[in-house]
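Below is one structure, written out as structure tokens; the observations come after it.
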Amino acid sequence: MLLQSPKKRIKILYDMGAAAAASLSFMIMGMVRAWSSPGMPSLLESKAVPLSESDVSWISSIPPLASLVGSLIAGPCLTYIGRRRTLMLISIPYSLGFLLIGFASHSSMLYIGRILDGAMIGFSAPSAQIFIGECSSPRVRGALGAFTAIFLSLGILITYIIGAFVPWNVLAWILSAFPALLFGAMYMMPETPTWLLSKNREEEAKKALQFLRGAHTDVTGEFERLKANMAKGANSQQIQPKDLLKGSVLKPLLLSMALMLLQQFSGINSIIYFTVFIFQKAGSTMDKNLATIIVGIVQLLATIASMFLVDRAGRRLLLLVSGIVMSISLAALGAFFYMLEIYGSDVQLTLGWLPLASLLLFIIAYSSGFANVPFLIMGELFPAKFRSILGSLASCFNLLCTFTIIRSFSDMNKTMGEYGTFWFYMSWCVVGVFFVYFCLPETKGKSLDEIERMFANKKKQQLYAASAETTIGTAADKNDVFTVETIPRAHIDERLSQSHSNDGYDLDSDEEDNGEVVATPL
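All residue numbers in the sequence shown are consecutive under the numbering used here, ending with 849.
Structural data, given as structure tokens:
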């Protein structure tokens with residue numbers, strides 16, 4: 328059992344509290360992404376702000392582009408002012424951006440508001456993920472990392488629900504209040520022990536760790552290991568530009584960037600940003616706002632369910648099934664719009680249910696595979712030394728793809744028709760299935776060291792093979808001399824599993840982090 332005692336229940340509640348506080352930034356990110364779906368049709372109907380078709384496309388798609396700028400500024404802020412204060416400060420521009428949208432009387436105010444909110448998305452993603460990673464216990468870090476994806480879906484759903492009942496400007500005013508929750512929640516949290524140690528503030532770091540683990544938990548061992556890891560990181564060699572061109576680095580990067588491209592070219596963000604428009608065009612018999620809310624609910628539930636699938640089914644299988652089902656659903660959606668163009672309103676009477684059914688199937692398939700797995704694999708494939716810089720490159724590429732696909736949605740509908748647009752997305756899903764099947768290795772059940780060896784050159788692989796024996800030492804207590812035993816590498820995992828066979832999931836353990844990767848979709 329994961330929770331075996333009241334003490335452990337209390338400890339995981341501290342972890343969950345810190346993760347939930349930081350994940351509120353992802354909830355607001357979801358609101359920024361989803362505002363255009365109910366907000367833009369309402370704005371156009373009201374004619375309060377004159378907008379051209381180009382304005383509609385740009386205002387909807389500009390947040391991912393602005394987030395690139397935000398992500399570049401986020402790094403220095405996280406380093407110099409800290410993770411906690413960065414998350415607190417971004418709540419102010421988030422609110423200001425929504426207020427500019429709500430009080431907009433000219434398109435320029437809409438642009439500035441969306442750019443401001445988009446730039447804060449670039450802050451939210453690294454800030455929240457780093458805060459959660461540095462505050463969580465190693466045993467539960469992977470599960471808590473999924474909080475960000477859940478809160479992102481929750482923010483989208485909240486926006487859909489509110490947007491169904493209020494006009495575009497009132498929606499923006501209401502959303503401007505939510506960043507205050509982020510500010511208040513982070514105000515009650517401590518700074519991360521890792522950042523405090525990086526500033527040589529050891530006493531504060533230990534107090535922060537004690538707060539995060541609970542008053543009755545002994546954090547001495549974990550704190551000493553944290554200090555040792557910080558010292559080891561400070562002494563590591565700097566990365567040279569030529570290192571990025573090595574096959575062991577370049578291959579994982581190209582695989583990850585390919586997954587990012589396939590993820591975004593499935594059309595997911597076009598669907599999230601323009602859900603109401605899609606149902607308006609389809610002329611569905613169901614109320615467009617109700618249909619949009621149903622899509623949001625299904626996305627949230629599917630995201631929660633995906634947490635329990637990724638380590639059971641494997642990465643490749645999830646991506647393959649996800650790609651196949653997305654292809655089928657987009658083919659059906661494209662077929663509906665094709666028949667609508669040929670046969671007219673008769674199709675709406677007989678197949679009015681098909682757009683909603685297709686979108687729900689697409690959302691379930693996407694949330695179960697391509698939503699989270701590319702980010703998880705990204706963290707697993709990258710060598711530890713290069714993980715930060717490669718992760719930044721892949722994430723920036725993802726944002727560029729996001730902007731491209733959202734910005735082009737309206738133009739594609741005009742030139743290719745709605746059916747052509749969805750069949751275009753379908754073709755990329757088909758490409759994704761073949762790419763995963765023929766090119767992507769399975770990482771389920773493999774240690775990060777084993778994954779790194781998969782991409783090592785032949786010389787390194789021979790060196791790994793040559794180190795067939797590994798030295799293990801044991802000591803009765805800290806004053807004893809280690810007794811050294813040499814055993815074959817192949818027996819190490821068996822020996823370790825036997826030694827911990829009765830441990831279960833000991834959340835009171837101060838066990839060193841095994842390199843578990845936390846990654847979240849943007």
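Even for Gly, the Cβ is constructed at its ideal location relative to N, Cα and C.
Exposed unless 16 or more other CB atoms sit within 10 angstroms - verdict on residue i
i	result
Ser381	exposed
Thr406	exposed
Trp495	buried
Ala558	exposed
Pro579	buried
Met584	buried
Gly424	buried
Gly511	exposed
Pro514	In the sequence as displayed, the identity of residue 514 is Tyr instead of Pro. Under this definition Tyr514 is an exposed residue.
Glu777	exposed
Ala817	Residue confidence is low: Ala817 scores 42 on pLDDT, short of 50, so the model does not pin down where it sits. No coordinate-derived value is stated.
Lys374	exposed
Glu461	buried
Ile704	buried
Ile669	exposed
Asp342	buried
Phe782	buried
Leu340	exposed
Cβ separation of residue i and residue j, assumed to be a contact under 8 Å, to the nearest whole Å
i	j	result
Ser418	Ala507	7 Å
Asn725	Ala476	In fact, because the Cβ distance is near 14 Å, the residues do not count as touching under 8 Å.
Thr521	Leu502	That pair is no contact at about 32 Å.
Leu414	Ala349	6 Å
Ile732	Asn596	6 Å
Arg360	Ile599	6 Å
Leu645	Ser593	Between Ser593 and Leu645 the Cβ distance is about 14 Å, and since that is not below 8 Å, they are no contact.
Ile428	Ser394	Their Cβ separation, rounded to whole angstroms, is 16 Å, which puts Ile428 and Ser394 out of contact at 8 Å.
Pro453	Ser387	The Cβ separation is near 24 Å, so there is no contact.
Arg463	Ala535	What sits at residue 463 in the sequence shown is Ser, not Arg. The pair is not a contact, with the Cβ atoms about 13 Å apart (cut-off 8 Å).
Simplified DSSP state of residue i, which is helix, strand or coil
i	result
Arg552	helix
Phe538	helix
Ala698	coil
Asn527	coil
Asp850	The first residue shown for the chain is 328 and the last is 849, placing residue 850 beyond what the model contains.
Lys578	helix
Met447	helix
Phe663	helix
Trp495	helix
Phe713	helix
Phe278	Because the chain here runs from 328 to 849, residue 278 falls outside it and cannot be looked at.
Val603	helix
Gly357	helix
Ser352	helix
Val383	helix
Pro517	coil
Pro377	coil
Trp680	coil
Ser593	coil
Asp545	coil
Ala473	coil
Which ranges would you report for the beta strand (DSSP E) in the segment 615-657 if only whole runs of at least 3 residues count? Fully enclosed beta strand (DSSP E) runs of no fewer than 3 residues are not present anywhere in the segment 615-657.
Does the pairing of the segment 479-486 with the segment 624-642 give three or more beta-carbon distances under 8 Å? Yes, since at least three Cβ pairs between the segment 479-486 and the segment 624-642 fall closer than 8 Å, the two stretches touch.
For the structure I just gave you, are there three or more beta carbon pairs, one from the segment 429-439 and one from the segment 524-533, closer than 8 Å? Taking 8 Å as the limit for Cβ pairs, the verdict is that the segment 524-533 does not touch the segment 429-439.
Count the CB pairs spanning the segment 726-746 and the segment 640-654 that are closer than 8 Å, and state whether there are at least three. At 8 Å Cβ cutoff, the stretches do not touch.
Does the count of Cβ pairs from the segment 605-618 and the segment 682-690 closer than 8 Å reach three? Yes, the segment 605-618 is in contact with the segment 682-690.
Okay, do the segment 750-765 and the segment 547-556 touch, 3+ Cβ pairs below 8 Å being the bar? As far as the Cβ criterion goes, the segment 750-765 does not touch the segment 547-556, which means the pair count is below three.
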